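Visitor: Letter 332 of the sequence shown, counting from 1, is numbered 332 in the UniProt record's numbering, and no numbers are missing. Ideal Cβ positions, reconstructed from N, Cα and C, are used throughout, including at glycine. As the structure is a prediction and not an experimental result, all values here were calculated from the model.
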Amino acid sequence: MLDWIAKEQWEDEIIRRSHVGFVIDEKEEELIKLREKWYAKTEDIMRPPPDELPPYREINHRIPLIDEQKKYRYHLPRCAEVVKPALIEKIRRYVKAGWWRHATVEQAAPLLCVAKKDGKLRTVVDARQRNNNTVHDLTPFPDQDLIRMDVARAKYRSKIDLSDAYEQIRIIAEDVWKTAFATPCGTFVSEVMQQGDTNAPSTFQRLMTSLFWDCIGRFVHVYLDDIFVYSDSIEEHEKHLEIVFEKLRKAQLYLSRKKCDLFSKDMDCLGHRIDDRGLHADMDKMSRIRNWRTPRSYQEVQHFLGLVNYLAHFMPDVTAYTTPLSGMIRNDRPFVWRALHDKCFESIKALACKVPILKPIDPNKNEPIWLICDASVYGLGALYGQGPNWQTCRPAGLLSKKFTSAQRAYPTYEQEALAILEGLMKWEDKLLGRHVHVVTDHKALEFLQGIPRPNSRQIRWYEFLARFQYDITYIPGKLNKVADCLSRYYENDNFDEPVNEWDYVNADVRLDPNGDFLPFSRMIELKASRILRRSARLAEKQEASLAAKAKLPEVVEDRVQEAQQLSVARPQAVNEVPKKDEDPTVGELLSSGPPLKIRVESPDGFHNAIRKGYVLRRA
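Set out below in structure tokens:
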């Protein structure tokens with residue numbers, strides 16, 4: 001009987017999977033047809049730019065110099081033989097198109113030739129000295145997180161990328177002479193924007209923003225040469241693509257078909273992956289973090305932290321571990337990798353092994369928005385998301401934060417209320433103006449509202465909460481598992497465990513003197529809370545202390561010999577010996593009568609010197 005039931009279930013599963021596969025294939029087939037349709041409709045601009053000068057547009061590139069009379073000294077590097085044929089071909093093509101032209105100039109920056117991974121040539125003008133003499137363009141760049149969230153919540157997405165983007169932007173005629181560069185084939189100036197120019201990204205962003213200003217935030221986002229189009233239906237998406245392509249056609253901007261991804265199911269969006277499930281951390285980048293070797297220099301630490309900070313919103317409160325690593329970077333000191341640096345480094349790599357998938361909230365959906373909060377003795381945790389109920393909502397963001405020393409002294413109801421406040425503050429831009437269902441296991445806000453005479457802090461909390469539309473659902477603490485787990489993220493506190501106080505990271509004390517923002521997993525390394533106050537001073541003197549200890553016997557012996565010579569040769573002229581500092585000299589100690597003690601210049605101090613036997617008495 002059981003075998004028969006199992007067979008029935010197995011057959012039903014096969015039928016279900018076949019049906020799902022058929023539906024997926026049917027949808028994919030429809031998307032493939034749409035892609036081919038739009039590639040065919042955009043053949044006129046879905047190609048490399050023509051070999052001719054681009055037109056002057058409303059926004060063109062400028063090179064404003066601080067001192068136009070300043071001279072630079074350049075050295076022309078050699079070009080690798082493997083890329084020299086490609087360089088000659090590129091020069092020939094650019095000169096023919098009018099992008100570059102021969103020129104006689106007083107000074108010219110070198111053109112650097114680099115081979116790409118695919119063997120093709122990349123040329124960059126070494127404009128560092130010119131950039132230092134350039135007035136910087138402070139054009140603001142779009143918020144990358146906002147772009148990713150808007151694109152991830154849409155059902156249909158397309159990515160459009162320009163071909164040879166910089167070469168499609170003209171330089172104003174009066175600034176062309178400033179672009180002079182030297183190659184093995186002579187000196188040239190450029191009529192189009194150059195790779196390596198400090199203001200080139202700002203100029204390009206201003207052009208794209210001015211081109212799509214009436215679409216940005218509605219169905220388009222632009223970040224440099226990446227154009228993201230997002231919609232909630234196929235019909236809308238086709239209308240939006242028509243608008244975008246028409247604007248590009250009028251501006252005479254050309255696209256790279258290889259880089260364009262129309263009606264995409266899985267796209268790269270500014271370094272992250274987006275599909276129908278939500279926003280993913282790029283697995284290649286996470287793998288690089290997990291496999292990163294132990295840094296051996298400050299530069300390697302900076303490279304590691306740069307990648308970690310880029311992916312920080314997938315790892316709750318990773319800054320608790322990055323702070324001591326960034327604080328250790330001191331160019332005026334030799335590189336020292338301590339035990340706690342290694343502990344933080346390994347903790348970050350462990351966090352990179354368990355990153356979640358974030359599903360942005362969709363304001364157009366009728367599903368409620370949930371903010372789930374909890375607090376423990378050690379810290380607070382929160383997440384927000386969207387779904388039919390709080391148990392099944394998909395997280396759109398995670399928060400884990402350790403209480404400061406002052407917050408640990410708050411009563412329980414204030415700690416629970418603080419978890420709600422921190423969650424609303426963290427995602428204020430997402431939740432303000434929308435009704436939020438707050439889920440917590442404590443009636444903290446009811447208790448606060450019942451206080452007859454609130455203090456100034458509680459009044460500030462009331463004012464902040466009044467800005468939001470919310471209701472509160474109370475649940476048993478045993479059901480609030482995720483937020484409870486996040487609130488106990490720093491639970492591993494054990495001050496009684498003995499440890500070498502020198503292992504404490506000096507940078508932590510400098511950046512966080514009271515230990516308010518250190519994770520408890522690192523504070524295990526402390527012998528007691530007093531070490532937290534003393535570690536900065538002790539760590540600064542560690543090297544000097546060890547060196548002084550090593551020289552201690554020699555110092556005492558030298559002082560004794562000096563004293564003997566003074567007492568034998570000139571016993572009456574002790575006062576003529578010049579003093580080295582305000583403390584008594586050896587000669588003064590000899591003439592002062594028994595018992596004679598010698599001052600020892602060591603961090604061990606006077607009493608330790610006596611304990612170790614460095615005491616002299618008159619014979």
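1) Among Ile227, Glu191, Gly196, whose alpha-carbon lies nearest the alpha-carbon of glutamine 205?
2) Between leucine 307 and isoleucine 329, which are expected to be in contact by the criterion C-beta below 8 Å, what is the C-beta distance as a whole number of angstroms?
3) By the 10 Å Cβ neighbour count, where 16 or more other Cβ atoms means buried, how is histidine 221 classified, buried or exposed?
4) Measure the alpha-carbon distance for leucine 311 versus leucine 248 and round it to whole angstroms.
5) In this structure, does DSSP put tryptophan 100 in helix, strand or coil?
6) Under the three-state reduction of DSSP, which class applies to histidine 280: helix, strand or coil?
7) Skipping 5 residues on each side, what residues in its chain have a beta carbon closer than 8 Å to that of leucine 241?
8) Let's see if you can read the secondary structure: which residues bound the beta strand (DSSP E) around valine 105?
9) Among the candidates Glu52, Asp197, Leu358, whose CA atom is the shortest distance from the CA of alanine 97?
10) Distance, Cα to Cα, tyrosine 72 vs asparagine 133?
11) Am I right that residue 641 and aspartate 161 are in contact with their C-beta atoms under 8 Å? What's the rounded C-beta distance?
12) Whole angstroms are fine: how far does the CA of leucine 270 sit from the CA of residue 622?
13) In angstroms with no decimal places, state the Cα-to-Cα distance between leucine 87 and glutamine 252.
14) So what does arginine 170 bridge to, in DSSP terms?
15) Go through its chain and collect everything with a Cβ distance to glutamine 144's Cβ below 6 Å, but skip five positions before and after it.
16) Among the residues of its own chain, which have a CB less than 7 Å from the CB of arginine 78, if the five just before and after it don't count?
17) Within the same chain, show all residues whose beta-carbon is closer than 8 Å to that of leucine 431, passing over the 5 residues directly before and after it, in chain order.
18) List the residues that DSSP assigns as beta-bridge partners of tyrosine 223.
19) Report all residues from its chain with a CB closer than 6 Å to the CB of serine 347; omit the five preceding and five following residues, and keep chain order.
20) Give me the residue from Asp197, Thr179, Tyr223, Asp232 with the minimum Cα distance to residue 620.
21) Can you list, in chain order, the residues of its chain with a C-beta nearer than 7 Å to that of leucine 351? Leave out the 5 residues immediately preceding and following it.
22) Only counting the same chain, and skipping five residues up and downstream in sequence, which positions put a Cβ closer than 7 Å to that of alanine 173?
23) Please classify tyrosine 462 as buried or exposed, where buried requires at least 16 other C-beta atoms within 10 Å of its C-beta.
24) Along the alpha helix (DSSP H) that carries proline 110, what are the first and last residues, could you check?
25) Between Met286, Lys443, Glu29, which lies nearest to proline 356 when the distance is taken from Cα to Cα?
26) Which class does alanine 339 belong to by DSSP, given the choice of helix, strand or coil?
27) State the Cα-Cα distance for the pair tryptophan 427 and proline 388, rounded to the nearest angstrom.
28) For leucine 325, report the span of its alpha helix (DSSP H) as first-last.
29) In the DSSP assignment, the beta strand (DSSP E) including glutamine 391 goes from what residue to what residue?
30) Is alanine 108 close to chain C, meaning its C-beta is less than 7 Å from at least one C-beta of that chain?
31) Apply the 10 Å Cβ neighbour rule to glutamate 167 and answer buried if 16 or more other Cβ atoms are within range, or exposed otherwise.
32) Determine, using beta-carbon pairs with one atom in the stretch 452-460 and one in the stretch 388-405, whether at least three such pairs fall under 8 Å.
33) Is alanine 80 helix, strand or coil by DSSP?
34) Tell me which residue opens and which closes the beta strand (DSSP E) that alanine 182 is part of.
35) Keeping to the same chain, check which residues put their C-beta closer than 8 Å to that of lysine 265; ignore five residues upstream and five downstream.
36) Using the beta-carbon count (16 or more within 10 Å), is glutamate 416 buried or exposed?
Guide: Working from what's here:
1) Reading the sequence shown from its first residue, position 205 is the one you call residue 205. Here the closest residue by C-alpha is Ile227.
2) Here residue 307 refers to the residue found at position 307 of the sequence shown. Here residue 329 refers to the residue found at position 329 of the sequence shown. The beta-carbon separation of leucine 307 and isoleucine 329, rounded to 15 Å, does not stay under the 8 Å limit for a contact.
3) Sequence index remark: in the sequence shown, residue 221 carries index 221 (1-based). The residue is buried, with at least 16 neighbouring Cβ atoms inside 10 Å.
4) As a working note, residue 311 is residue 311 in the sequence shown. As a working note, residue 248 is residue 248 in the sequence shown. Their Cα atoms are separated by approximately 32 Å.
5) Residue mapping note: residue 100 aligns to position 100 of the sequence shown, counting from 1. In the structure shown, tryptophan 100 sits in a strand (DSSP, three-state: E or B).
6) As a first step, residue 280 must be located in the sequence shown, where it is residue number 280. Of the three classes helix, strand and coil, the one that applies to histidine 280 here is strand, per DSSP.
7) As a first step, residue 241 is located in the sequence shown; it is residue number 241 there, counting from the start. Excluding residues up to 5 positions away in sequence, Trp38, Ser158, Val229, Leu262 lie with their Cβ nearer than 8 Å to the Cβ of leucine 241 in the same chain.
8) In the sequence shown, the residue the question calls residue 105 occupies position 105. Segment: none, valine 105 is in no beta strand (DSSP E) and carries neither H nor E.
9) Translated into positions along the sequence shown, residue 97 becomes position 97. When the alpha-carbon of alanine 97 is set against those of Glu52, Asp197, Leu358, the nearest one is in Glu52.
10) If you number the sequence shown from 1, residue 72 lands on position 72. If you number the sequence shown from 1, residue 133 lands on position 133. Cα to Cα, tyrosine 72 sits roughly 10 Å from asparagine 133.
11) Residue 641 lies beyond the residue range present for the chain, which begins at 1 and ends at 619; the question has no answer from this structure.
12) For the chain, the structure presents residues 1 to 619; residue 622 sits outside this window and is missing.
13) Start at 1 with the first residue of the sequence shown, and residue 87 comes out as number 87. Start at 1 with the first residue of the sequence shown, and residue 252 comes out as number 252. It is roughly 27 Å from the alpha-carbon of leucine 87 to the alpha-carbon of glutamine 252.
14) The residue you call residue 170 lines up with position 170 of the sequence shown. Arginine 170 is bridged to Val192.
15) Along the sequence shown, one-based indexing puts residue 144 at 144. Leu270, listed in sequence order.
16) One-based indexing of the sequence shown puts residue 78 at position 78. Around arginine 78: no qualifying Cβ.
17) In the sequence shown, counting from the first residue as 1, residue 431 sits at position 431. The beta carbon of leucine 431 lies closer than 8 Å to those of Ile369, Leu371, Tyr384, Leu424, Phe468 in the same chain, with the five residues before and after it left out.
18) One-based indexing of the sequence shown puts residue 223 at position 223. DSSP, once it has assigned bridges, lists Asp226 as partnering tyrosine 223.
19) One-based indexing of the sequence shown puts residue 347 at position 347. Closer than 6 Å at the Cβ level, and outside the excluded window around serine 347, lie Tyr321.
20) Outside the shown range of the chain, which is 1 to 619, sits residue 620, and nothing can be said about it.
21) Position 351 of the sequence shown, counted from the start, is the residue given in the question as residue 351. Its chain contains Met315, Val318 as the residues whose beta carbon lies nearer than 7 Å to that of leucine 351, once the 5 sequence neighbours on both sides are disregarded; these appear in chain order.
22) Numbered from its first residue, the sequence shown carries residue 173 at position 173. Counting only Cβ-Cβ distances below 7 Å, and skipping sequence neighbours, we find nothing.
23) For this step, residue 462 is matched to residue 462 along the sequence shown. Classification for tyrosine 462: exposed.
24) For this step, residue 110 is matched to residue 110 along the sequence shown. Where proline 110 is concerned, there is no enclosing alpha helix (DSSP H), although the beta strand (DSSP E) it sits in stretches over 109-115.
25) The residue you call residue 356 lines up with position 356 of the sequence shown. When the alpha-carbon of proline 356 is set against those of Met286, Lys443, Glu29, the nearest one is in Met286.
26) Taking the sequence shown and counting its residues from 1, the one referred to as residue 339 is at position 339. The answer is helix: DSSP assigns alanine 339 an H, G or I state.
27) For the purposes of this step, residue 427 is taken as residue 427 along the sequence shown, with counting starting at 1. For the purposes of this step, residue 388 is taken as residue 388 along the sequence shown, with counting starting at 1. Their backbone Cα atoms lie some 20 Å apart in a straight line.
28) As a first step, residue 325 must be located in the sequence shown, where it is residue number 325. That run of the alpha helix (DSSP H) goes 319-327.
29) Residue numbering aside, residue 391 sits at position 391 when the sequence shown is read from its first letter. Premise fails: glutamine 391 is in no beta strand (DSSP E) and is neither H nor E.
30) Considering every chain present, this structure includes no chain C. It has just one protein chain.
31) On the sequence shown, residue 167 is found 167 positions in, with the first residue counted as 1. It is buried - the Cβ of glutamate 167 has at least 16 other Cβ atoms within 10 Å.
32) In short, these stretches do not touch, since the Cβ pair count stays below three.
33) To locate residue 80, count along the sequence shown from 1; it is residue 80. DSSP places alanine 80 in the coil class of the three-state scheme, outside both helix and strand.
34) As a position in the sequence shown, residue 182 is number 182, starting the count at 1. Under the DSSP assignment, alanine 182 falls in the beta strand (DSSP E) whose first and last residues are 181-183.
35) Along the sequence shown, one-based indexing puts residue 265 at 265. Hits under 8 Å: Glu28, Leu31, Asp275, Asp276.
36) As a working mapping, residue 416 is identified with position 416 in the sequence shown. So glutamate 416 ends up on the buried side.
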